[in-house]
Ligand SMILES: Cc1cc2nc3c(=O)[nH]c(=O)nc-3n(C[C@H](O)[C@H](O)[C@H](O)COP(=O)(O)O)c2cc1C
């Protein structure tokens, strides 16, 4: 199987599975508890049907959107994800370069493996910085200042990870940074030598957003431990209101799901919210963003940009979300498997496929601009 054999999400996933040592594949692929929410994120799109209009003259399609103050050529962006250089040695560079090719936005995680400054300098597209609120207030202030000084366009505070999700696949393999694997986990690395050679022959793995503040020489931190021990569980709306003031720019809350919280986000001056359950990796059993979307849009959609992520695998999923009132959608595993499968060419191919699917879908729906998509074209089963 090669990159040119990949035509959809499932093909890329398959290729990534072949290339990655299984503890790393499982870190991307896995989710919390029984992974029910993870599965439902995608299946929830199936309870909704598209009702097309025909004969509308659809030669030219404009799928650009403006969201959280950024003009994107396409209605989707690469959501911030951790540890990308573990998946492919070029990591965030590969993702950002592919996003730049398609003039969309990308996110850099607090747990990113390339510095936010290096990326800001290298790619001339809107860049999100994804923030976790740490117990160490000094670290929080320093990170915000770094992001501001670097020229980050959108601050995105993730609020669904106040403690670590129960990711049982990672418990089984012993996935942590640096690696401290179980015997079975180590065996999986031994049978994927190509990955291992790439890993050791390229720049040393680091977490440049946190390096100054986290001493990893004391032993591995598992991702769960990072969330549980370093992030501040006392985080509340007053703290976030203060951050919004301090940032004084585009500020997005990622991981909002309830109507009450969406209203609070508006009150404290956020400019965007991402309806998200972290790709099912945190609270299993929580609702899918698509199922929750219309309630939120109906309450706050005229006052704040509503974005969703989770389970998006097809152009038609994007069209359904936009028709319900989302301003844009975030992609996670959709670009991570291609990154693992083939680096930048993989991500470019995946984003190109998504763009083509959206364009085709819009034409078949009888729409030439995103603004023409509406609930009139949707029916729920
Ligand atoms: C491997 C992986 C790492 C992630 N790391 C982060 C992160 O560091 N910060 C964050 O806010 N979200 C993170 N996410 C969540 C994504 O930003 C996004 O919300 C989620 O992947 C969307 O679901 P999808 O993968 O089904 O598209 C991560 C997701 C995955 C799969």
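Numbering (this note's numbering), first residue to last: 52 to 432.
Think of the CB as a built atom: it goes at the ideal place given N, C-alpha and C, for glycine as much as any other residue.
This one's a predicted model, so the numbers in the text were calculated from it and none came from an experiment.
Proximity test, residue i beta-carbon vs ligand 1 heavy atom, cut-off 8 Å
i, result
"residue 430", "no"
"residue 304", "no"
"residue 177", "no"
"residue 185", "no"
"residue 224", "no"
"residue 91", "no"
"residue 385", "yes"
"residue 61", "no"
"residue 131", "yes"
"residue 329", "yes"
"residue 181", "yes"
"residue 207", "yes"
"residue 338", "no"
"residue 128", "no"
"residue 403", "no"
"residue 332", "yes"
"residue 166", "no"
"residue 362", "yes"
"residue 71", "no"
"residue 325", "yes"
"residue 78", "yes"
Reference residue i, options the options, closest by Cα
i, options, result
"residue 385", "56, 67, 123, 104", "67"
"residue 116", "379, 399, 417", "379"
"residue 129", "372, 424, 360, 407", "360"
"residue 210", "157, 183, 398", "183"
"residue 191", "124, 408, 297", "297"
"residue 514", "216, 423, 74, 127", "Residue 514 is absent from the model: the chain starts at 52 and stops at 432."
"residue 110", "348, 387, 147, 410", "410"
"residue 140", "95, 408, 393, 416", "393"
"residue 161", "57, 194, 255, 186", "194"
"residue 221", "213, 214, 231", "231"
"residue 367", "59, 65, 289", "59"
"residue 118", "423, 414, 376, 431", "376"
"residue 292", "312, 77, 372", "312"
"residue 302", "93, 198, 77, 308", "198"
"residue 89", "347, 427, 54, 327", "327"
"residue 218", "329, 316, 252", "329"
"residue 135", "421, 93, 165, 333", "165"
"residue 123", "427, 415, 406", "406"
"residue 284", "316, 421, 214, 352", "214"
"residue 225", "429, 276, 413, 264", "276"
"residue 371", "87, 98, 53, 54", "98"
"residue 120", "178, 169, 174", "178"
"residue 174", "318, 189, 55, 143", "143"
Sub-9 Å separation of residue i and residue j beta-carbons
i, j, result
"residue 320", "residue 204", "no"
"residue 72", "residue 243", "yes"
"residue 374", "residue 101", "yes"
"residue 145", "residue 176", "no"
"residue 138", "residue 401", "no"
"residue 323", "residue 356", "yes"
"residue 180", "residue 156", "no"
"residue 131", "residue 159", "yes"
"residue 202", "residue 223", "no"
"residue 398", "residue 358", "no"
"residue 9", "residue 239", "Nothing in the structure corresponds to residue 9, since the chain is present only between 52 and 432."
"residue 74", "residue 417", "no"
"residue 369", "residue 346", "no"
"residue 148", "residue 343", "no"
"residue 335", "residue 77", "no"
"residue 331", "residue 258", "no"
"residue 362", "residue 212", "no"
"residue 419", "residue 113", "yes"
"residue 304", "residue 79", "no"
"residue 365", "residue 96", "yes"
"residue 422", "residue 153", "no"
Exposure of residue i, with buried meaning 16 or more beta-carbon neighbours within 10 Å
i, result
"residue 248", "exposed"
"residue 282", "buried"
"residue 105", "exposed"
"residue 341", "buried"
"residue 246", "buried"
"residue 185", "buried"
"residue 94", "exposed"
"residue 287", "exposed"
"residue 255", "exposed"
"residue 196", "exposed"
"residue 108", "exposed"
Residue-level contact to chain D via CB, residue i, 9 Å cutoff
i, result
"residue 97", "The chain labelled as chain D is not found in the depicted structure, where only one protein chain is given."
>> To test your reading of the DSSP string, which unbroken alpha helix (DSSP H) runs of 4 or more residues are found completely within the segment 206-249?
In response: DSSP runs (the alpha helix (DSSP H)) wholly in the segment 206-249: 219-224, 234-241.
> Which residue spans inside the segment 163-199 form an unbroken alpha helix (DSSP H) run of at least 4?
Replying inline: With a minimum length of 4 residues, the continuous alpha helix (DSSP H) runs that stay inside the segment 163-199 are 167-173.
> What are the start and end residues of each continuous alpha helix (DSSP H) run of 4 or more residues lying completely inside the segment 293-352, in chain order?
Replying inline: Taken in chain order, the complete alpha helix (DSSP H) segments of 4 or more residues contained in the segment 293-352 are 310-318, 340-351.
>> I'd like the ranges of any beta strand (DSSP E) spanning at least 3 consecutive residues and lying wholly in the segment 348-400.
In response: Runs found: 356-360, 379-382.
>> Which complete alpha helix (DSSP H) runs does the segment 85-162 hold, if anything under 4 residues is left out?
In response: DSSP runs (the alpha helix (DSSP H)) wholly in the segment 85-162: 87-94, 135-138, 142-152.
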